[in-house]
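This report refers to the structure that appears directly beneath it.
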Amino acid sequence: MTTHFFREIDRIKNQLLELAGWVEENLNLAVQAVEQDDEAAARKVIDGDVRIDEKEIDVEEESLKILTLHQPVAADLRFLIAVLKINNELERVGDLAVNIAERAVFLSTQPKPDMPFDFASMADVVKRMLRRSLDALVELDEAAAREVLTQDDEVDAMN
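The sequence shown lines up with residues 2 to 160 when you count with my numbering.
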């Protein structure tokens, strides 16, 4: 493969990490909006979703362009396929953060309900899962990725 190819792979990785950073930020703000009745944080999440949607499209288009132009094989092909799948899931996490933020806006107008579960603890585990899964991708760390899978069981039990 050419130097140009590896530069494009690095650019895709950086774009995906930028998207992940925006998604993490929105998730954190959505949780903050619920926990602190922070309507401004919720509005920031809702308004920021367009940026996430646009970046998801950019990453997908760039990945498909690399697949088409360079026809990678083996590890490079697996990486690009993973990027396409993760990119889609990050966008979905962004959409879910918007759903949480919209609910937080509504809840901010209501009397504070009793939480039937520990929302803050669940949110912390989910945020760690997101961070750790991205680290696993960047570091190509299979053990870390498997660790995230076990944390999913923990969130399911909390739910």
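Here a beta-carbon is modelled for each residue, glycine too, at the ideal position from N, C-alpha and C.
Can the beta-carbon of N89 be found closer than 9 Å to that of E57?
yes
Taking its Cβ as the centre, do 16 or more other Cβ atoms sit within 10 Å of E62, making it buried, or is it exposed?
exposed
Within 9 Å, strictly: CB atoms of V51 and A31
no
Three-state secondary structure (DSSP) of N160:
coil
Between S109 and L85, which are expected to be in contact by the criterion C-beta below 8 Å, what is the C-beta distance as a whole number of angstroms?
Incorrect: roughly 37 Å between the Cβ atoms, too far for contact.
Collapsed DSSP secondary structure at Q111 in the structure displayed:
coil
Just how far apart, CA to CA, sit D119 and M159?
8 Å
Measuring CA to CA, which of V126, I101, A42, V139 is closest to D157?
V126
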